[in-house]
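Peer 1: Each residue of the sequence shown is one higher than the last, beginning at 590 in my numbering. This is the structure, below, for whatever I ask next.
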Amino acid sequence: MNIGIDIDDTISETYETLFPYAQKYTIEDLEKSAEIDKDKECSTHLYIQKMHEWEEDEEKGFWQKYYKNLVSEVNIKTLAKETLEKLHENNRIIIITARWELEDNVIETMTKKWLDEKQVPYDEIVLNATEKVKIAKEYKLDLFIDDSFTNCKEVSKEGIKTFLMDSKMNKSYSDKNVKRVFSWPHIYQEYEKLLKGDK
């Protein structure tokens, strides 16, 4: 089986790392109120700027200042490594991330270093994946795992089994062809159902 997996908020606890930096940036750099709509939801990975209602140039300023911090400091989700090791025993794992490269070309190196340090097994990695459905088709994926509802819905339309990793930002979104999962043990349970042909 070919399994495509996102990194941020899927393998890693990105929100928990990203949010405090976003608050710091909003308060210290933009000198704005850090109050947010705590019930704000977003169907894509672009939630941090939507929560803080940043303008386009403000968003760029944030990523220029804190992007490397996020990539290097983010923690791995509980039991992600152990589950991925089990999945990798009989499957090919392709990491598919929207992370983009900076001018000094360090993000790919930093990301691979993080994956190695966290002992995340994988066969290939695709960065700057702005059109994940296209990549899913190119790699002939059998299973796709992401926290972006938009990505999951688009990929599921291609007949690819799709798991949506539950997050603070995607709770109200649903689709009959997208299976919501709540943890890495839950992912493995649903994976085993797939092998048995269960729905």
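C-beta: ideal position from N, C-alpha, C; glycine also.
Is it a yes or a no for the segment 593-603 touching the segment 647-666, going by three-plus beta-carbon pairs under 8 Å?
Peer 2: yes
Peer 1: How about K750 and L732: are their beta carbons less than 7 Å apart?
Peer 2: In the sequence shown, the residue the question calls residue 750 occupies position 161. In the sequence shown, the residue the question calls residue 732 occupies position 143. In this structure, L732 lies closer than 7 Å to K750 by Cβ.
Peer 1: Return yes when the Cβ of V767 is within less than 7 Å of the Cβ of L753, no when it is not.
Peer 2: Along the sequence shown, read from residue 1 onward, the residue named residue 753 stands at position 164. Along the sequence shown, read from residue 1 onward, the residue named residue 767 stands at position 178. A contact, by the Cβ cut-off of 7 Å.
Peer 1: Shortest alpha-carbon distance to T719 belongs to which of A687, E630 and F608?
Peer 2: Here residue 719 is taken as the residue at index 130 of the sequence shown, counted from 1. Taking only the C-alpha atoms, the option nearest T719 is A687.
Peer 1: Which residues mark the beginning and the end of the beta strand (DSSP E) in which L668 is found?
Peer 2: For the purposes of this step, residue 668 is identified with residue 79 of the sequence shown, where counting begins at 1. Premise fails: L668 is in no beta strand (DSSP E) and is neither H nor E.
Peer 1: For F752, does the three-state DSSP call read helix, strand or coil?
Peer 2: Taking the sequence shown and counting its residues from 1, the one referred to as residue 752 is at position 163. F752: strand per DSSP, three-state reduction.
Peer 1: Which value, in whole angstroms, describes the spacing of the CA atoms of A669 and Y777?
Peer 2: Counted from its first residue, the sequence shown places residue 669 at position 80. Counted from its first residue, the sequence shown places residue 777 at position 188. Inter-residue distance for A669 and Y777 is about 10 Å (C-alpha atoms, whole angstroms).
Peer 1: How should A725 be labelled, buried or exposed, when 16 other C-beta atoms within 10 angstroms of its C-beta is the threshold for buried?
Peer 2: Here residue 725 is taken as the residue at index 136 of the sequence shown, counted from 1. The residue is buried, with at least 16 neighbouring Cβ atoms inside 10 Å.
Peer 1: Please state if the CB of K639 and the CB of C631 are separated by a distance shorter than 7 Å.
Peer 2: The sequence position of residue 631 within the sequence shown is 42, counting from 1. The sequence position of residue 639 within the sequence shown is 50, counting from 1. Closer than 7 Å, so yes.
Peer 1: As a quick exercise: from L676, F738 and T667, pick the residue whose alpha carbon is nearest that of K707.
Peer 2: Along the sequence shown, one-based indexing puts residue 707 at 118. Of the listed residues, the one whose Cα sits closest to K707 is T667.
Peer 1: Which value, in whole angstroms, describes the spacing of the CA atoms of K765 and G786?
Peer 2: Mapped onto the sequence shown, residue 765 falls at position 176. Mapped onto the sequence shown, residue 786 falls at position 197. Between K765 and G786, the C-alpha separation is close to 17 Å.
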